[in-house]
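Undergrad: Chains as they are written, first to last, in the numbering used here: chain A, 8 to 519; chain B, 12 to 353; chain C, 13 to 243. Right, I'll just put the structure down here and ask away after.
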């Protein structure tokens, strides 16, 4: 059994890393060429901008995500469920869409475009759009904090702030961090938003090398470097989390109850918690709806039906695969905690760190010899490689939170390791599985560059339709497909919420 | 638990795979970078006339499209490759993906300057890069040539988009071919020094910026100007109220043009259909659709330019510069980088 | 009680975690059928490890462990936890949060394939532990004492040879503790299961067990007189 698992994980990692090796091969070949190419001066400036953007966006996302999570997990106040639900909504809107919609709207209102496209505004767009990546894990972490721990801190005379600083924050830090890393990787890999916002990042360097200088090898090399940086980030995150998981190893969770919070006191938090949803979702949706109405052309929806179905089909199939792979990976980690295998698996899940267009190139090189380009299979593979991290990291975090004593108890009651997995782990992970599925789905709905490069004939997703209209500078006509995209993702969020993906321990508390 | 997961996996797999398997006896497979509605109209019209089903993969970035054709080698499904910008056609031809067109009809319809000298591709439609300016603040003779945008009088008033975009890269390449590296460097430094704001946005954004008073002069594409002039939307017309255009460099090399074109792939399985389609595109009917639906300049002399643009005269075009674009682009981008044109 | 085959027999067992010294240093112990043993000791000296070794959750370094005469642990022998017929109640009970009280108790039955008698068996245990009204309740809605009884009932359901209790009563308040302890003793008698309780509370050890041991320096010393409880 163990041998099979090992072979499986090696094979998986090989498949996941193959495009990176293909790129590396391209990149090494470019080192000997003497073509005109991007200067290292410019490149380091791009790199610096990327770092600034990363810092700004991630700290913003952490600020928004954590405030909302803390508020919703620890206090009870009027409208809590609504805030909880609104905090997840930004997931449903790709950041480039938020940028398109706002800039176009504000320019039409007479705001000079030159004052809109800058670094702080770009950070803000990313912060609001990516805040759910932080909200979701910190919400579970804050909710799962042991009630007795908090009680005893209170008995020791600690103030609310001290409790936050000494207990809640350190214990939830790992989750916040994990979310922040996911958000950061998304920022680093982005091109659509930064391009529109006139910010030159490392990705700009990659694409400029390729499209401007016609230097595919150099572009690949830069992409591999980006991949390595993100990889380092991910390892850092893992270490923090590993240290932190000791804090609640072995003990089953006893849930705390929420404190009642008077409406007035909740206002400042409430304000911060509402910004992401309002900026990324509510206002854009209103602007877009207004556009659709002002056009009053019934035909405009017809063109959206087929892309919507395609998007839905691709997203759901790929996400199921991603979740199953994620479970398999985590199962292997749990049963075989050898460091080497773990690291390997983690590297394998790094496809997320590559800009989609470049990952697409790697896959192209890989798939073409098998005549798999332009096939649904090729696209599925691309999605799985790109988004495997979401599945594994979401599930791994949740799995670590399940006390080992449940596994041991099940074994003592006669379960084999498979039995433990099927009868204890899976049901306990149910929420997180739904959560991972939806997160992956939503990211696939929003995915653009890899889809465009690898797609089959007559195959159009909502993201591609939106992007094409936008790049033809017909922003007002993107409204139907953008709205359909938002609606699709929101439905996903809604269904997941109903399945219990985000209502961590909601049920348990109602009984008390 | 696992059963439920497997069932949902299979369920959604069936839904998604049911949609995409359509085979037809007569078909034509196109890879294109063009994402305009005119292209859909043309494909549908062709389908109706010939019964040949047109399948399209659209990849916006020409370099990516080329990468896909190259990697797919002889197993590529593409019969026909259509791309914007001559530079890309040149690169594709260099990479050896085309076979000779071998079509008398195309040779007759399209002037030689808009075709590959080795007969590997043909131009299909053109856009002109022109200068838009604020009628109240700038005189047309101040912006008669692209070179004028570097003049000190326009300090803080020039609007351009980023040099990340192929439009500016090709424009710089023709400039380089016509005037040499030093001239391009001086010019792009001058333009950069004259900028009203950081290069950003699309062509429509430049026009909006003139209307909003952010700057007074911009390089834009004829296609977007024509669309705004012809728009039914009153806000679009309002935008153009104080704006006029000039075709630059009329007294020397002519205005820079951006040509879309296509060629039949070497490994085409439906080469005859591809040829038939290209012939249709350069036919009078096809060219009229280009002119009316996407407001591009036709490549045929006997088809009129888009009506809204005719009011501004018949431009002299820089057709000689076309062949240089592909070869000169990397060097031109290097100069733009050094000049600090983002 | 007859003592033909002891329920548990440990011979010279040594065990230690990788980075520390020996937790069990040549420990021996016999537990007869239906016998109740208590092991006293300060916290952190490896009482829990002893139970984990018996349960098969840890591998021993040397020595031998027999359960009902069958060799389950030795230097090169390790019979895994699910094959040992040992029940265990953890310190914080580990009642599965996703299952009802009934499902929790039936958990070990189902996995051992005794489907026909399942219902009867669970009913019997619900009665023994006075849990009749709670069968369909979710664990989140139970009190500590109730959870404790569910955990005991669940551990006894598959009729284990031995029931291991790890500080199982210590987090309950005094009155409740006594009542539940008596209930568990009664049930152990009905089920005829041997049991090993580890605790730091001498009074509890005395009231629960037939025999009491001190654990010190990795071995067990039997406490014979009342004074020895006080050390």
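Yeah, the Cβ is synthetic: ideal placement off N, Cα and C, and Gly gets one too.
Measure the C-alpha to C-alpha separation of residue 71 of chain A and residue 392 of chain A and round it to an integer number of angstroms.
TA: Position 64 of the first chain, counting from 1, holds the residue named residue 71 of chain A. Position 385 of the first chain, counting from 1, holds the residue named residue 392 of chain A. Between residue 71 of chain A and residue 392 of chain A, the C-alpha separation is close to 29 Å.
Undergrad: Nearest-angstrom Cα distance between residue 115 of chain C and residue 425 of chain A?
TA: The residue given as residue 115 of chain C occupies position 103 in the third chain. The residue given as residue 425 of chain A occupies position 418 in the first chain. Each residue's alpha carbon lies about 19 Å from the other.
Undergrad: In or out: residue 142 of chain A buried (at least 16 other Cβ within 10 Å) or exposed?
TA: Here residue 142 of chain A corresponds to residue number 135 of the first chain, with the count starting at 1. Residue 142 of chain A comes out buried.
Undergrad: Using a Cβ-Cβ distance under 8 Å, would residue 110 of chain C count as near chain A?
TA: Numbered from 1 along the third chain, position 98 holds the residue referred to as residue 110 of chain C. True, the Cβ-Cβ gap to chain A drops below 8 Å.
Undergrad: So, helix, strand or coil for residue 413 of chain A, using DSSP?
TA: Position 406 of the first chain, counted from the start, is the residue given in the question as residue 413 of chain A. Helix, per DSSP.
Undergrad: DSSP three-state call for residue 281 of chain C: helix, strand or coil?
TA: With chain C covering only 13 through 243, there is no way to say anything about residue 281 of chain C.
Undergrad: Taking 8 Å as the cut-off, does the stretch 323 to 335 of chain A touch the stretch 480 to 489 of chain A (at least 3 CB pairs, one atom from each stretch)?
TA: Judged by Cβ distances under 8 Å, the stretch 480 to 489 of chain A makes no contact with the stretch 323 to 335 of chain A, as fewer than three pairs qualify.
Undergrad: Using only the alpha-carbon positions, how far apart do residue 148 of chain B and residue 159 of chain B sit?
TA: Indexing the second chain from 1 puts residue 148 of chain B at position 137. Indexing the second chain from 1 puts residue 159 of chain B at position 148. Spanning the two alpha carbons is a distance of roughly 15 Å.
Undergrad: Work out the CA separation of residue 253 of chain B and residue 118 of chain B for me, nearest whole Å.
TA: One-based indexing of the second chain puts residue 118 of chain B at position 107. One-based indexing of the second chain puts residue 253 of chain B at position 242. Near 42 Å, if we compare the C-alpha coordinates of residue 253 of chain B and residue 118 of chain B.
Undergrad: Along chain A, in chain order, which residues have C-beta atoms closer than 9 Å to that of residue 203 of chain C?
TA: Along the third chain, one-based indexing puts residue 203 of chain C at 191. Per Cβ cutoff of 9 Å: no residues; residue 203 of chain C is ~15 Å from chain A at best.
Undergrad: When the Cα of residue 495 of chain A is compared with those of A:314, A:103, A:398 and A:386, which residue comes out closest?
TA: The count along the first chain starts at 1 and reaches residue 495 of chain A at position 488. Nearest option by C-alpha distance: A:314.
Undergrad: Measuring straight from C-alpha to C-alpha, what distance separates residue 90 of chain C and residue 461 of chain A?
TA: Within the third chain, residue 90 of chain C is the residue found at index 78, counting from 1. Within the first chain, residue 461 of chain A is the residue found at index 454, counting from 1. Taking the straight line joining both Cα atoms gives about 52 Å.
Undergrad: Of all Cβ atoms in chain A, is any one closer than 8 Å to the Cβ of residue 124 of chain C?
TA: Position 112 of the third chain holds residue 124 of chain C. Note that residue 124 of chain C scores 48 on pLDDT, short of 50, meaning its location in the model is unreliable; the coordinates nonetheless yield the value given after this. True, the Cβ-Cβ gap to chain A drops below 8 Å.
Undergrad: Using a threshold of 8 Å, state whether the C-beta atoms of residue 341 of chain B and residue 226 of chain A are closer than that.
TA: Along the second chain, read from residue 1 onward, the residue named residue 341 of chain B stands at position 330. Along the first chain, read from residue 1 onward, the residue named residue 226 of chain A stands at position 219. No.
Undergrad: So, are the CB atoms of residue 497 of chain A and residue 99 of chain A less than 8 Å apart?
TA: Residue 497 of chain A sits at position 490 when you count from the first residue of the first chain. Residue 99 of chain A sits at position 92 when you count from the first residue of the first chain. Going by C-beta atoms, residue 497 of chain A is nearer than 8 Å to residue 99 of chain A.
Undergrad: For residue 424 of chain A, return the contacting residues in chain B, with the cut-off set at a CB-CB distance below 9 Å.
TA: Indexing the first chain from 1 puts residue 424 of chain A at position 417. Near residue 424 of chain A there are no residues of chain B at all, since even the closest Cβ is about 14 Å away, more than 9 Å.
Undergrad: Could you check whether residue 353 of chain B and residue 207 of chain A sit closer than 8 Å to each other, using their CB atoms as the reference points?
TA: Position 200 of the first chain, counted from the first residue, corresponds to residue 207 of chain A. Position 342 of the second chain, counted from the first residue, corresponds to residue 353 of chain B. Yes, the pair counts as a contact, with Cβ atoms nearer than the cut-off.
Undergrad: Return the first residue and the last residue of the alpha helix (DSSP H) that residue 183 of chain A is part of.
TA: Along the first chain, read from residue 1 onward, the residue named residue 183 of chain A stands at position 176. Looking at the DSSP string, the run of the alpha helix (DSSP H) that includes residue 183 of chain A is 176 to 196.
Undergrad: Should residue 47 of chain B be flagged as near chain A, meaning a C-beta pair shorter than 8 Å?
TA: In the second chain, the residue the question calls residue 47 of chain B occupies position 36. Yes, contact with chain A.
Undergrad: Count the other C-beta atoms from every protein chain shown that fall within 10 angstroms of the C-beta of residue 199 of chain B, then say buried if there are 16 or more, exposed otherwise.
TA: Counting from one through the second chain, the residue named residue 199 of chain B turns up at place 188. By the neighbour-count rule (16 or more Cβ atoms within 10 Å), residue 199 of chain B is buried.
Undergrad: Return the residues of the stretch 407 to 432 of chain A that lie within a Cβ-Cβ distance of less than 8 Å from chain C, sorted by chain order.
TA: Within the stretch 407 to 432 of chain A, the qualifying residues are 410, 412, 413, 415, 416, 417, 418, 419, 420, 421, 422, 423, 426, 430 and 431.
Undergrad: Between the stretch 127 to 139 of chain B and the stretch 206 to 223 of chain B, can you find at least three pairs of beta-carbon atoms closer than 8 Å?
TA: The stretch 206 to 223 of chain B, when compared against the stretch 127 to 139 of chain B, does not touch it at the 8 Å Cβ threshold.
Undergrad: Which first and last residues belong to the alpha helix (DSSP H) in which residue 89 of chain A is found?
TA: Locating residue 89 of chain A in the first chain gives position 82, where the first residue counts as 1. First-last of the alpha helix (DSSP H) with residue 89 of chain A: 87 to 95.
Undergrad: May I ask you to list the residues that DSSP assigns as paired with residue 90 of chain C?
TA: Here residue 90 of chain C corresponds to residue number 78 of the third chain, with the count starting at 1. In the DSSP output, where bridge partners are listed per residue, residue 90 of chain C has C:85.
Undergrad: Is the CB-CB distance between residue 257 of chain B and residue 155 of chain B below 8 Å?
TA: Numbered from 1 along the second chain, position 246 holds the residue referred to as residue 257 of chain B. Numbered from 1 along the second chain, position 144 holds the residue referred to as residue 155 of chain B. Yes, the pair counts as a contact, with Cβ atoms nearer than the cut-off.
Undergrad: So the beta strand (DSSP E) residue 4 of chain B belongs to, where does it begin and stop?
TA: Any property of residue 4 of chain B remains undetermined from this structure, which presents chain B solely from 12 to 353.
Undergrad: Can you name, in chain order, every residue of its own chain whose Cβ lies under 7 Å from the Cβ of residue 192 of chain C, other than the five neighbours on each side?
TA: Position 180 of the third chain holds residue 192 of chain C. These residues qualify, in order along the chain: 157, 160, 161, 181 and 184.
Undergrad: Can you tell me where the beta strand (DSSP E) holding residue 298 of chain A begins and where it ends?
TA: Stepping through the first chain from its first residue, residue 298 of chain A is reached at position 291. Note, residue 298 of chain A: premise wrong, no beta strand (DSSP E); alpha helix (DSSP H) at 290 to 302.
Undergrad: Check whether the stretch 265 to 273 of chain A touches the stretch 395 to 414 of chain A, taking contact to mean three or more Cβ pairs, one atom from each stretch, closer than 8 Å.
TA: As far as the Cβ criterion goes, the stretch 265 to 273 of chain A does not touch the stretch 395 to 414 of chain A, which means the pair count is below three.
Undergrad: Are any of the Cβ atoms in chain B nearer than 8 Å to that of residue 380 of chain A?
TA: Reading the first chain from its first residue, position 373 is the one you call residue 380 of chain A. Cβ-Cβ to chain B under 8 Å: yes for residue 380 of chain A.
Undergrad: Using a Cβ-Cβ cutoff of less than 6 Å, which residues in the same chain neighbour residue 417 of chain A once the five nearest sequence positions on both sides are dropped?
TA: As a first step, residue 417 of chain A is located in the first chain; it is residue number 410 there, counting from the start. Cβ within range, chain order: 427 and 431.
Undergrad: Give every residue of the same chain whose Cβ lies closer than 6 Å to the Cβ of residue 97 of chain C, excluding the five residues on either side of it in the sequence, and list them in chain order.
TA: In the third chain, the residue the question calls residue 97 of chain C occupies position 85. Once the five neighbours on either side are set aside, the close Cβ partners of residue 97 of chain C are 172 and 173.
Undergrad: Please report the Cβ distance between residue 129 of chain A and residue 204 of chain A, rounded to the nearest whole angstrom; I am assuming they are in contact, meaning their Cβ atoms lie under 8 Å.
TA: Locating residue 129 of chain A in the first chain gives position 122, counting from the first residue. Locating residue 204 of chain A in the first chain gives position 197, counting from the first residue. Sure, about 4 Å apart at Cβ, within 8 Å.
Undergrad: Excluding sequence positions up to five away, which residues of its chain have a Cβ less than 6 Å from the Cβ of residue 57 of chain A?
TA: Working through the first chain from its first residue, we reach residue 57 of chain A at position 50. Only 208 and 209 meet the Cβ criterion.
Undergrad: Beta carbons nearer than 9 Å to chain A: which residues of the stretch 189 to 216 of chain B have them?
TA: Residues passing the 9 Å Cβ filter: 207, 208, 209, 210, 211, 212, 213, 214, 215 and 216.
Undergrad: Within 8 Å, do at least three Cβ pairs link the stretch 116 to 126 of chain A to the stretch 160 to 170 of chain A?
TA: No, the stretch 160 to 170 of chain A is not in contact with the stretch 116 to 126 of chain A.
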